[in-house]
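These notes are about the structure you will find just below.
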Amino acid sequence: MPPAINIVIAGRAPILPRREGTESDSAKFIRPGIFMSMTQSAMRADAARRVLKQTFGFDGFRPGQEEVVSALLAGEHVLTVMPTGAGKSLCFQIPALVLGGLTIVVSPLVALMEDQVAALKLAGVAAETINSARPRPDNVAVWHRVTAGEVRLLYLAPERLMTAPMLAALSKLPVRLIAIDEAHCISRWGPAFRPEYEALSSLRTQFPDVPIAALTATADPATRDDISARLYGGPARAFVSGFDRPNIQLAVCERESWKRQLLAFVQERQGDSGIVYCLSRRMVEEAALFLQQNDVPALAYHAGLDAALRSRHQDRFMTESGLVMVATIAFGMGIDKPDLRYVFHVNLPGSMEAYYQEIGRAGRDGAPAEAHMLFSADDIRMRRMFIDNEDTDSDHKQREHRRLDLLIAYAEAPECRREALLRYFGDAPVQCGNCDNCLDPPRLSDGTALAQQCLAAVEATGQRFGAAHIVDVLCGADTQKVRDTGHDRLAIHGAGRGVAKPEWRGLVRQMLAADLLSTEVAAFGGLAITAKGARLMAGQGEFHYRPPRRQRQEKAPRSQRGAEDLGEADAQLFAALKRLRLELAQTRGVPAYAVFPDRSLIDMTRRKPSNSDEFAMIHGVGAAKLRDFATPFLTVIGEFVL
């Protein structure tokens, strides 16, 4: 890897004739083959801040963004892990504009590409996409703009990028940066591996002098290492901004009567936008109809619906407030609706990564949001069946079972959920005071003696067997595996016969959540004793576990849920600005947030700008949005001020 300072930016293709206005000022500072000095680095940093303000309308970077931008401008390969909603896209969009030339953005979904391109165009950025959903003449026209040097960011699916003709054509263009979004899809350790992403590993040889940015919100340490090995051939500069989303209140409870539980939750939040995730298409349609029959504005979304209907439902959800989208996991990747107030899982998700990504769609505006999950033993059975029926090798299936075990451990955790979630991703655990276990601590039973028995079984069997085998040993099972390993001759064999297997399995999961035991997904899930577990074995400390949890129906007080403290007149102005935003978004065929996020409308409501200069100071107003939107928004504000 090149160092961060004094690197050589080497050219790899002839530069097209420069057109006026097609290359950023800062791109003049460095030419291929020139050393990047400290002064030039500072000049690029200044250029990045100008782009941040003038193009995107932001006064400063969010935490973690500036370091990633600086590394990419210095020509480094970068792996970036940021929570959903933390601003990953800006990390490559700003370098793309500063560097000039062409940036290739790899994205897994057509809808995601279209939304990002639409938002960039509203900000005055020359962005385009070539994808299978567009007519061929439109794609050809875009390509002509690309070869003419008129496009700064080109969004492509991995299947289209990694064809011989496309790579050959791009090799003749001034490619300055490659960004791979949803980069966890490249890793076989990850739960969302996509084979078409695997070919991206050859990009470092196809474009040897071009920095590659890999960006994701969901990658545990094993997945991060695998991404680096595949994409960069070894360690890369990694920026992990932390996985904590403290504004999201976490809650889990057993599923009893799911319709009653769902309706009670949603009705308490009437007027809020939310997503309800279901395991099957049938359940999606059943839940959506049930909510509609109870006067809840709900829409259905799953892969079995007509594509045009799915598109209409998604457009409505993205542009209107107060709608509930009931969906399978077919809905969600790339969804950027800042005012989404909750995510409700009717069923257990597929893994901790999937859960984290799905709940991360709530509260992207930073205001309080909620993630509520129901689960049952039937969910666990179904998830295991899905894994066993996958067309993958046995090692992959074993890893996925271990991932599921860890999610179940989280669901049954007797202690702070945020602490368990952060520990899973290798982040510093923090007790949140904002989950069901912190806000309403469960009644716990003393399980110290049982936990010590379990730890003794793990130690006696060599700390390399999974939970199922440990439970068999404790219960004195006479299985082939127990006999073959000689574990039927251990003193601990049968010591836990007085406890039923389901209770032992639940206890093990809670011990994992409490950090008494650990399991490594990349090592196929063998249980190991942690330092905390070793202290418990030595008689230091206690362990308490909990019985099944019941649902908490009440929601947080409104004051804790982020409603802006606006007076009656300001609330009316804010509503009028939202109506105008929706009209403008529908006219342009883009999501409402692409015009302005709620934070910008709240800023307008409070400041009440009266002219263009004052409007330019509003959060999120760059040069293009000042030009295109100042007049209509100032007109509405003026009607309320007079």
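Numbers 45 to 686, taken from this note's numbering, label the letters of the sequence shown in order. Beta carbons are placed, not taken as given, at the ideal position from N, Cα and C, and that holds for glycine. These figures come from a predicted structure and were not determined experimentally.
- Classified as buried, K381 has 16 or more neighbouring CB atoms from the shown chains inside 10 Å of its CB.
- Annotated three-state conformation of S272 is helix, per DSSP.
- For E683, no beta strand (DSSP E) segment is defined; the enclosing uninterrupted segment is the alpha helix (DSSP H) at 667-685.
- Scanning Y454, N183, T249 for the CA closest to the CA of L200 turns up N183.
- Looking only at G119, E242, A351, the smallest Cα-Cα distance to P202 is reached by E242.
- In the three-state DSSP reduction, F419 falls in the strand class (E or B).
- For C297, the enclosing beta strand (DSSP E) starts and ends at 292-298.
- Judged by pairs of C-beta atoms under 8 Å, the region 318-334 touches the region 365-378, as three or more such pairs exist.
- Straight through space, the alpha carbons of A578 and A258 are spaced by roughly 38 Å.
- Taking one beta carbon from each stretch, the region 240-254 and the region 167-175 have fewer than 3 pairs nearer than 8 Å; the two do not touch.
- Using a C-beta cut-off of 8 Å, the region 480-488 makes no contact with the region 506-519, since fewer than three inter-stretch Cβ pairs fall below that distance.
- For the alpha helix (DSSP H) assignment, the uninterrupted runs of no fewer than 4 residues enclosed by the region 329-387 are, from N- to C-terminal side, 351-363.
- C135 and A223 have their C-alpha atoms roughly 9 Å apart.
- The beta carbon of Q401 sits closer than 7 Å to the beta carbons of T128, A261, T262 from its chain, once the five residues preceding and following it are set aside; these are given in chain order.
- For V552, the enclosing alpha helix (DSSP H) stretches over residues 545-557.
- By the Cβ test, the region 669-682 is in contact with the region 642-660, since at least three Cβ pairs between them sit closer than 8 Å.
- Under the DSSP assignment, L466 falls in the alpha helix (DSSP H) whose first and last residues are 461-468.
- Here the alpha carbon of H121 sits roughly 11 Å from the alpha carbon of F283.
- The Cβ atoms of M417 and H389 sit closer than 8 Å to each other.
- With fewer than 16 other Cβ atoms inside 10 Å of its own Cβ, E300 counts as exposed.
- If the five residues before and after L556 are omitted, its C-beta is found closer than 6 Å to the C-beta atoms of A453, all from its own chain and listed in chain order.
- Non-local beta-carbon contacts of V186 in its own chain, meaning distances under 6 Å to residues more than five positions away in sequence, involve E172, I174 in chain order.
- If you ignore the 5 residues before and after G348, its C-beta comes within less than 6 Å of the C-beta of R325, all in its own chain and listed in chain order.
- According to the DSSP assignment, A257 belongs to the beta strand (DSSP E) that extends over 256-260.
- Bounds of any alpha helix (DSSP H) do not take in V219; it lies within the beta strand (DSSP E) bounded by 219-224.
- For G583, there is no enclosing beta strand (DSSP E), as DSSP marks it with neither H nor E.
- For secondary structure counted as the alpha helix (DSSP H) over 4 or more consecutive residues, the region 623-648 holds these complete runs in sequence order: 636-639.
- Assignment of F283 by DSSP, reduced to helix, strand and coil, places it in the strand class.
- In this structure, I148 sits near L205, with a CB-CB distance shorter than 8 Å.
- In the DSSP assignment, T529 falls within the alpha helix (DSSP H) that extends over 524-529.
- If you draw a 10 Å sphere on the C-beta of H531, you find 16 or more other C-beta atoms in it, and that means buried.
- Per DSSP, the beta bridge partners of C479 are L294.
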